[in-house]
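Take a look at the structure below.
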Amino acid sequence: MGAHDAARRPQVGAGHLNDRVARVVVDEPALEKPFDYLVPEHLGDQVRVGTLVRVPLHGRRVGGWVRELDVEPPARVALKPIAKVTGWGPAPELFDLAEWAARRWAGRLPHFLRTASPPAAVHGLPPAEVVTDVPVGPVDPLMGEALRRERSLLRLPPSADAYPLVLAAAALGPTLVVAPAHATAQLLASRLRRAGVPVALLPREWARAAAGARVVIGARAAAWAPVPDLAAVIVLDEHEEVHQEEASPTWNARDVAAERARRAGVPCVLTSPSPSLEALAWGELLAPDRSTERAAWPIVDVVDRAREDPLRTDLYSPKLVDLVRSGKRVVCVLNRKGRARLLACGSCGDLARCDRCGLTVAMDDDVLQCRACAATRPAVCLSCGSSKLKVRRLGTTRAREDLERLAGVPVGEVTGDTDALPDASVLVGTEAVLRRVDQADAVAFLDLDAELLAPRYRAAEQTMALVARAARLVGGKAGGGRLLLQTRLPRHEVVLAALHGDPARVAAAEAARREPLGWPPYTAMAHVSGAPAAEYVAALQGVQVMGPADGAWLVRAPDHEVLAHALAAVPRPPGRLRVAVDPLRL
DNA sequence: CGGACAAGCTGA
DNA sequence: CAGCTTGTCCGG
Numbered sequence: 181m182g183a184h185d186a187a188r189r190p191q192v193g194a195g196h197l198n199d200r201v202a203r204v205v206v207d208e209p210a211l212e213k214p215f216d217y218l219v220p221e222h223l224g225d226q227v228r229v230g231t232l233v234r235v236p237l238h239g240r241r242v243g244g245w246v247r248e249l250d251v252e253p254p255a256r257v258a259l260k261p262i263a264k265v266t267g268w269g270p271a272p273e274l275f276d277l278a279e280w281a282a283r284r285w286a287g288r289l290p291h292f293l294r295t296a297s298p299p300a301a302v303h304g305l306p307p308a309e310v311v312t313d314v315p316v317g318p319v320d321p322l323m324g325e326a327l328r329r330e331r332s333l334l335r336l337p338p339s340a341d342a343y344p345l346v347l348a349a350a351a352l353g354p355t356l357v358v359a360p361a362h363a364t365a366q367l368l369a370s371r372l373r374r375a376g377v378p379v380a381l382l383p384r385e386w387a388r389a390a391a392g393a394r395v396v397i398g399a400r401a402a403a404w405a406p407v408p409d410l411a412a413v414i415v416l417d418e419h420e421e422v423h424q425e426e427a428s429p430t431w432n433a434r435d436v437a438a439e440r441a442r443r444a445g446v447p448c449v450l451t452s453p454s455p456s457l458e459a460l461a462w463g464e465l466l467a468p469d470r471s472t473e474r475a476a477w478p479i480v481d482v483v484d485r486a487r488e489d490p491l492r493t494d495l496y497s498p499k500l501v502d503l504v505r506s507g508k509r510v511v512c513v514l515n516r517k518g519r520a521r522l523l524a525c526g527s528c529g530d531l532a533r534c535d536r537c538g539l540t541v542a543m544d545d546d547v548l549q550c551r552a553c554a555a556t557r558p559a560v561c562l563s564c565g566s567s568k569l570k571v572r573r574l575g576t577t578r579a580r581e582d583l584e585r586l587a588g589v590p591v592g593e594v595t596g597d598t599d600a601l602p603d604a605s606v607l608v609g610t611e612a613v614l615r616r617v618d619q620a621d622a623v624a625f626l627d628l629d630a631e632l633l634a635p636r637y638r639a640a641e642q643t644m645a646l647v648a649r650a651a652r653l654v655g656g657k658a659g660g661g662r663l664l665l666q667t668r669l670p671r672h673e674v675v676l677a678a679l680h681g682d683p684a685r686v687a688a689a690e691a692a693r694r695e696p697l698g699w700p701p702y703t704a705m706a707h708v709s710g711a712p713a714a715e716y717v718a719a720l721q722g723v724q725v726m727g728p729a730d731g732a733w734l735v736r737a738p739d740h741e742v743l744a745h746a747l748a749a750v751p752r753p754p755g756r757l758r759v760a761v762d763p764l765r766l
């Protein structure tokens, strides 16, 4: 472009009649209002809806996304030109989805647009790979059925492989797959690639996804990946909590992916060995026949610790010691995280529990207090009346030493902070060990009750998820996979569900417990905290506000529509307000 | 959000 | 009344 042309470029604020005008959402969370800018002629071919740009605003330069093109700017506003094109951004339909998500999880639009944008600037797209044909063999009838429906929840036992489902979906057209972990996505991506299916693995291959791949796959944020001509959506292990963002806004990739499929009018399949109540409420359940599913769960040994030896408070039953001595690859799980200390009766060994809600209680000024419902009672055992309560607190470090001594084999310890997996056939760890190890002969839960009785409303579901993850490491009954569950609650539905390979038992019990108490998914909840929380919740209308407890409030509404409406109706006071919709840990 | 500008507080 | 803090407004 010569100096002559440059001189004819519009001056700031001048605006030629035929200049295009772009409406831009700026990347300033506090600024909800979009601003209009001129599209300079030399950038014309690079500016589309979704493009990432830099624009002048109030004397500085900010990032933003082109929301709309050729808009009618408000009168009497001198438009400035877009300063720079940063690169490709979210596809137009993802803007609507981001707006929906911002409302659903009471977050800001730019937050979701950032998630839907490439991790590094993308200036051009690679050529789309040519799809010859997807090598899909005979499709499993259940998987085929799932893909014929608008939305289905496919209960795949722990040892089942989701790969054929992904392949069958890919035969329909471009498929979005959301996996619970990047490693899972990576593994599936390489299998697909070996089969000749063009794959984009997110987040790295954002540009490849935008150019058009047959399968776009990744963990949580991949729910926002570009997928031109989307034909199917799959969410693997929908029950996994990692699908939900921990920081506020606490959006869930399962829900985003499902909404995306609904908007695109394409089939959405959620898979899980033990579906969440949320998913059961969302779509139709498809499950293998009882005997098939049962066989795909491992052999389960239940050690009833109360019956075996009521006086024992240690964690090493003879069965466990035998297992550890057997020379097999054994993973022992002991979740020592959580500040709560468990109290056990010194006479009968029973755990001290709340007489109202059944959760474990803590000693507080010589009385027992329930952390869930705040009920108090005298410090005596409910089973035998003894007032001799002992604190039971065991960590993986201690368990490792004990096991090594008892079994006479080297034992390694694995927690969330462990870097390299210890080179030992027997491992003891927190639940992190179940993510770090992918194969074992047996998994033993040293103290399943610490999970079952955790003072959280989702405790049973969360425990079932852990058991399912353990079941995946050891495989089905045919391969000899074993789970050892040490518990004082052998009739608990989680124990029975594992024993019978029947996760519906947990769902039924959970539903019966939560519905009368008004817990999700029968209601919609938000946890509101931070300095301005008091002022904010006081102004909420049409919802139930509970609290404060520890400086935080719980907001409850009959459904998410009502909750989102109420949360959006009140302007946010200045300061750090945290709103966590669908809190998992209450 | 962050700059601009206006209204209020302090000090000599 | 300068010089500074604090508050409110607004951006294209």
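Each number in the numbering used here corresponds to the 1-based position in the first sequence with 180 added.
For glycine and all other residues, C-beta sits at the position ideal for the given N, C-alpha and C.
No experiment lies behind these values; they were computed from the predicted model shown.
Cβ contact check for the region 617 to 634 and the region 444 to 453: 3 or more pairs under 8 angstroms: no
Residue closest to LEU416, alpha-carbon to alpha-carbon, out of GLU581, ASP582, ALA365, GLU309: ALA365
Reference CYS553; option with closest CA among TYR637, GLN619, LEU382, THR577: Relative to CYS553, the option among TYR637, GLN619, LEU382, THR577 whose CA is nearest is TYR637.
Length of the line joining the Cα atoms of VAL513 and THR472: 27 angstroms
Nearest-angstrom beta carbon gap, ARG234 and LYS768 [assumed within contact, 8 angstroms]: As shown, the chain starts at 181 and ends at 766. That puts residue 768 outside it, with no answer to give.
Residues that TRP245 bridges to, as DSSP identifies them: VAL205, LEU232
Residue range of the unbroken alpha helix (DSSP H) whose run includes VAL647: 639 to 654
PRO558 - partner residues in DSSP beta bridges: Looking at the DSSP output, PRO558 bridges to VAL547.
Three-state secondary structure assigned by DSSP to HIS707: strand
Which residues DSSP lists as bridging CYS525, in chain order: LEU569
Cα-Cα separation, GLY244 to VAL204: 6 angstroms
Closest Cα partner of ALA749 within the set VAL591, VAL717, ASP730: VAL717
Spatial distance of GLU611 from LEU646 (CA atoms): 7 angstroms
The region 581 to 595 / the region 501 to 508 touching (three or more Cβ pairs under 8 angstroms): Yes, the region 581 to 595 touches the region 501 to 508.
Length of the line joining the Cα atoms of ALA340 and ALA476: 7 angstroms
Completely contained alpha helix (DSSP H) runs for the region 288 to 339, where each covers 4 or more residues: 289 to 295, 321 to 328
Alpha-carbon to alpha-carbon, ILE479 and PRO306: 49 angstroms
Extent of the continuous alpha helix (DSSP H) to which LEU503 belongs: 498 to 505
Segment limits, alpha helix (DSSP H) that includes GLU464: That residue, GLU464, is in no alpha helix (DSSP H); its beta strand (DSSP E) goes 464 to 466.
LEU261 (DSSP reduced to helix, strand or coil): Here residue 261 is Pro; the residue named in the question, Leu, does not match the sequence. Strand, per DSSP.
TRP733 in three-state terms, based on DSSP: DSSP places TRP733 in strand when its eight states are reduced to three.
Chain-order list of residues whose beta-carbon lies under 7 angstroms from that of LEU288 (same chain, five-residue window excluded): According to the sequence shown, residue 288 is Arg rather than Leu. PRO209, ALA282.
CB of ARG374 within 8 angstroms of CB of ALA380, strictly: no
ALA579: first and last residue of the uninterrupted alpha helix (DSSP H) it sits in: 576 to 587
C-alpha gap between ASN515 and VAL608, whole angstroms: 10 angstroms
Beta-ladder partner(s) of ALA412, from DSSP: THR355
Same chain, Cβ closer than 6 angstroms to ALA286, five either side skipped, listed in chain order: Once the five neighbours on either side are set aside, the close Cβ partners of ALA286 are LEU747, VAL759, VAL761.
Coil, strand or helix - GLY698 by DSSP: coil
Presumed contact (8 angstroms Cβ cut-off) between VAL346 and VAL395, rounded CB distance: The Cβ separation is near 7 angstroms, so the contact holds.
Best match in ASP618, ALA622, PRO453 for proximity to GLY681 [C-alpha to C-alpha]: PRO453
Cutoff 7 angstroms; reference ALA604; Cβ partners in own chain excluding five residues on either side: PRO590, VAL591, GLY592, listed in sequence order.
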